[in-house]
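Okay, so here's the structure we're looking at.
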Amino acid sequence: MPLSKYILEVVEQHRMGAVRVTMPPALLEEKANKLEKELAALQMRFDTLNLAFHNQEVELSRLSSAYQSAKGGSVDVTMVRSLIQVFQRGPKGGVHIIDLMESMQFDKNDNDMINRWSDGLNFLLDVGLVGKDERGNLRWKDAR
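Per the working numbering, numbering of the sequence shown is gapless, rising by one per residue and ending at 264.
Now the structure itself:
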């Protein structure tokens, strides 16, 4: 085991209140190797999640571009992302449109913001990521 790992373990033991090192070097090495494996697994998981997030961003940008071409309008990707988060966290039965608007917490007198919100919601409805029932409830459709 590298000396630095041994020193870190000794410091950690001291921090935990140990007066003297009670763990033999072989056990310290085993513990350090286990921690390295856990760190590698966590790093791999982080990289996987980071890649998935990037792929979602790319897909959202692609859908947004296709929507803009088809509708001749523009979509605020940040607003769409916020809407998606609300839908994904919402109840399975969906979120009523009034509750959705209140949950977004923006100035209701800001026409530009309302238009961007409306465009983002229409985008999600048009591309089929959000469904609307007869009671006005909107729910996330997990297409994957």
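Ideal Cβ positions, reconstructed from N, Cα and C, are used throughout, including at glycine.
On a predicted model such as this, the values are computed, not experimentally measured, just so you know.
Pick helix, strand or coil for G214, following the three-state DSSP scheme.
-> coil
ask   = Does the Cβ of G248 have 16 or more other Cβ atoms within 10 Å, making it buried, or fewer, making it exposed?
value = exposed
For this session: Specify, as a first and last residue, the run of the alpha helix (DSSP H) that V197 falls within.
Result: V197 to R209
Among all the DSSP beta bridges, which residues are the ones paired with V250? W260
### Message
Between which residues of its own chain and F226 is the CB-CB distance below 6 Å, once the five residues before and five after are set aside?
### Response
M233
- Express the C-alpha separation of E222 and V215 in angstroms, rounding to a whole number. 11 Å
| message | Please state the DSSP three-state secondary structure of F166. | response | helix
query: Mapping DSSP to helix, strand and coil, what is K228?
result: coil
Just how far apart, CA to CA, sit T198 and W260? 17 Å
| query | Can we say the stretch 250-259 touches the stretch 201-220, given the rule of at least three CB pairs closer than 8 Å? | reply | yes
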